[in-house]
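A.B. asks: Take this structure, written in structure tokens, and hold onto it; I'll ask about it next.
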Amino acid sequence: MLLVIDAGNTNITVGAFNGDDLVFVSRLATDRTLTEDRIAIDINSIFALYNVESRSFRGSIISSVVPELTLALKNAIARITGHTPYVVGPGLKTGLNIRTDNPAELGADLVAGAVGAIEQYELPCLVIDLGTATKISVVDEKGAYRGCTISPGVAISLAALANGASQLSHIALLPPTHAIGTNTIDCMRVGSVFGTADMLDGLCDRIEKELDVPVKTIVATGGLCAIAKHCRHEIVFNENLLLEGLKAIYERNQ
Numbered sequence: 151m152l153l154v155i156d157a158g159n160t161n162i163t164v165g166a167f168n169g170d171d172l173v174f175v176s177r178l179a180t181d182r183t184l185t186e187d188r189i190a191i192d193i194n195s196i197f198a199l200y201n202v203e204s205r206s207f208r209g210s211i212i213s214s215v216v217p218e219l220t221l222a223l224k225n226a227i228a229r230i231t232g233h234t235p236y237v238v239g240p241g242l243k244t245g246l247n248i249r250t251d252n253p254a255e256l257g258a259d260l261v262a263g264a265v266g267a268i269e270q271y272e273l274p275c276l277v278i279d280l281g282t283a284t285k286i287s288v289v290d291e292k293g294a295y296r297g298c299t300i301s302p303g304v305a306i307s308l309a310a311l312a313n314g315a316s317q318l319s320h321i322a323l324l325p326p327t328h329a330i331g332t333n334t335i336d337c338m339r340v341g342s343v344f345g346t347a348d349m350l351d352g353l354c355d356r357i358e359k360e361l362d363v364p365v366k367t368i369v370a371t372g373g374l375c376a377i378a379k380h381c382r383h384e385i386v387f388n389e390n391l392l393l394e395g396l397k398a399i400y401e402r403n404q
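When we follow this note's numbering, the leftmost residue of the sequence shown carries the number 151, and every step to the right adds one.
So this is what it looks like as structure tokens:
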């Protein structure tokens, strides 16, 4: 089996592939103070939950946008599986042609998402990742990574709104039923959900115009990707896109 781990700012996602089958996906809350021992215990607990032996993995790969945890994750996985995992970054073959000003600064999560999209979808492709930040990656018709947009994530924006406005409270992010809010909570949900969906639609239109070729696929992933269901564009949903991209990157380095 193959162990794949994506360490994001909100969650650490742990998955296991048996061949092409995704056996399980589990999530831990990201805590930058986690030690190597604590990570090893938590991941071993996930293995026990799904009746998976830690020594049954033939390999592993990590993408991380949390530098404080990357080394601890790498060492913890090495201890419990018996081999050192790949870490997405300089020196690892991804097969992705990154055409940005500074390719080295591109986040490992964006790399994994783009690789996963290239493996599965018709190009050009836009990858919408709705998580701690709201991101749209642009992969052109030749499979080159052209750049992305980054906006504050929906949950972060809502928290900032509640913390900064005395009369607005923290709310659950549920889908609104209409566009005109008639109470404070509904108004916040409309602004957050429909506002984000319309922003995504507008950015996709701008990106397509700048590419000057029709976008063939828009795929949404991330913990809050359900918000994209309110977009006008036709969108494919794949919550495991980054894990699938990590699998593809691992296989390219064998």
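Using N, Cα and C, we set each Cβ at its ideal position, and we do this for glycine too.
Does Cys381 come out as helix, strand or coil in the three-state DSSP assignment?
C.D. replies: By one-based count along the sequence shown, residue 381 stands at place 231. DSSP places Cys381 in coil when its eight states are reduced to three.
A.B. asks: Just to check my reading of the structure: Val340 and Gly331 have Cβ atoms closer than 8 Å, yes? What is that Cβ distance to the nearest angstrom?
C.D. replies: As a working mapping, residue 340 is identified with position 190 in the sequence shown. As a working mapping, residue 331 is identified with position 181 in the sequence shown. That belief holds up - the Cβ atoms of Val340 and Gly331 are roughly 5 Å apart, short of 8 Å.
A.B. asks: Which of the three DSSP states is assigned to Ile300 in this structure?
C.D. replies: In the sequence shown, the residue the question calls residue 300 occupies position 150. Ile300: strand per DSSP, three-state reduction.
A.B. asks: DSSP has Lys285 in a bridge; who is on the other side?
C.D. replies: Within the sequence shown, numbered from 1, the residue matching residue 285 stands at position 135. DSSP output for Lys285 lists Asp279, Ile300 as bridge partner(s).
A.B. asks: Check whether the Cβ atoms of Ser206 and Val237 sit closer than 8 Å, and answer yes or no.
C.D. replies: Working through the sequence shown from its first residue, we reach residue 206 at position 56. Working through the sequence shown from its first residue, we reach residue 237 at position 87. Not closer than 8 Å, so no.
A.B. asks: For the candidate residues Ala258, Leu152, Pro364, whose alpha-carbon lies nearest to that of Asp290?
C.D. replies: Within the sequence shown, numbered from 1, the residue matching residue 290 stands at position 140. Looking at the Cα atoms, Pro364 is the closest of the given residues.
A.B. asks: Based on the DSSP secondary-structure assignment, which residues constitute the bridge partners of Asp192?
C.D. replies: As a working note, residue 192 is residue 42 in the sequence shown. Paired residue(s): none; Asp192 is not in a bridge.
A.B. asks: So, are the CB atoms of Ile300 and Ala283 less than 8 Å apart?
C.D. replies: As a first step, residue 300 must be located in the sequence shown, where it is residue number 150. As a first step, residue 283 must be located in the sequence shown, where it is residue number 133. Yes; because the gap between Cβ atoms is below 8 Å, this pair is in contact.
A.B. asks: Would you kindly work out how many angstroms separate the C-alpha atoms of Cys337 and Lys285, rounded to a whole number?
C.D. replies: Position 187 of the sequence shown, counted from the first residue, corresponds to residue 337. Position 135 of the sequence shown, counted from the first residue, corresponds to residue 285. Cα-Cα distance, rounded: 24 Å.
A.B. asks: Within the continuous alpha helix (DSSP H) that includes Arg229, where are the two ends?
C.D. replies: Along the sequence shown, one-based indexing puts residue 229 at 79. Start and end: 217-231.
A.B. asks: Assuming Asn161 and Gly314 are in contact, meaning their beta carbons sit under 8 Å apart, how far apart are those beta carbons, in whole angstroms?
C.D. replies: Taking the first residue of the sequence shown as position 1, residue 161 is located at position 11. Taking the first residue of the sequence shown as position 1, residue 314 is located at position 164. Not quite, the Cβ-Cβ distance comes to about 25 Å (not below 8 Å), so this is no contact.
A.B. asks: Check whether the stretch 350-361 touches the stretch 258-273, taking contact to mean three or more Cβ pairs, one atom from each stretch, closer than 8 Å.
C.D. replies: no
A.B. asks: Between which two residues does the alpha helix (DSSP H) harbouring Asp351 extend?
C.D. replies: Position 201 of the sequence shown, counted from the first residue, corresponds to residue 351. First-last of the alpha helix (DSSP H) with Asp351: 345-361.
A.B. asks: Give the straight-line distance between the Cα atoms of Ser307 and Asp351, rounded to the nearest whole angstrom.
C.D. replies: Position 157 of the sequence shown, counted from the first residue, corresponds to residue 307. Position 201 of the sequence shown, counted from the first residue, corresponds to residue 351. Approximately 19 Å, taken between the alpha carbons.
A.B. asks: Given this structure, state the Cα-to-Cα distance separating Pro235 from Asn333, to the nearest angstrom.
C.D. replies: Here residue 235 corresponds to residue number 85 of the sequence shown, with the count starting at 1. Here residue 333 corresponds to residue number 183 of the sequence shown, with the count starting at 1. Approximately 50 Å, taken between the alpha carbons.
A.B. asks: Please say whether Glu186 and Ala157 have beta carbons closer to each other than 8 Å?
C.D. replies: Locating residue 157 in the sequence shown gives position 7, where the first residue counts as 1. Locating residue 186 in the sequence shown gives position 36, where the first residue counts as 1. Against a cut-off of 8 Å, the Cβ pair of Glu186 and Ala157 comes out as no contact.
A.B. asks: To the nearest angstrom, how far is the alpha carbon of Ala166 from that of Ile230?
C.D. replies: Mapped onto the sequence shown, residue 166 falls at position 16. Mapped onto the sequence shown, residue 230 falls at position 80. One C-alpha to the other measures close to 14 Å.
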